[in-house]
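Read in order, the letters of the sequence shown are residues 1 to 69 in my numbering. Here's the structure we're looking at; comments come further down.
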Amino acid sequence: MEKERVEIEQITFVGAMLMLGITFVLAAAAILSNGLKVLFDLTSNYMRVAVFCFAIYVISFSAYLVIAN
């Protein structure tokens with residue numbers, strides 16, 4: 001039982017970090033292609049996906065904190 005819990009913790013943490021990384025990469029790509037004005041423009045596809053990935057990161061990391069304790 002404990003081994004399964006550790007595996008779920010690790011998968012949740014890795015998933016959360018992956019979403020955070022994708023968020024940073026998409027934000028950097030948006031800045032490099034369109035400048036800083038695109039950061040707050042949610043009509044841009046880059047930023048829509050980045051916000052979605054960040055939301056998944058917040059949910060995943062919160063789940064990780066609950067599982068870890």
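C-beta atoms are modelled at their ideal positions from N, C-alpha and C, and glycine is treated no differently. Given the structure is predicted, the values throughout are model-derived calculations rather than measurements.
Thinking C-alpha only, which one of the options is nearest residue i?
i	options	result
L18	V38, A68, N69, I56	I56
M78	Q10, G15, I8, L26	The shown model of the chain, from 1 to 69, leaves out residue 78, and the question about it has no answer.
V51	V14, I8, I11, L20	L20
So, under 8 Å CB-CB, residue i and residue j are touching, yes? Tell me the CB distance rounded to an integer number of Å.
i	j	result
A30	L39	7 Å
I67	I8	6 Å
Y64	T12	4 Å
Legend entry - Inside the segment 19 to 60 only - beta strand (DSSP E) runs reaching at least 3 residues: Listed in chain order, nothing qualifies, since the segment 19 to 60 has no complete beta strand (DSSP E) run of 3 or more residues.
Inset, instruction - Give a yes or no on contact between the segment 1 to 13 and the segment 40 to 59, applying the rule of three or more CB pairs nearer than 8 Å. - result: Too few Cβ pairs lie closer than 8 Å, so no.
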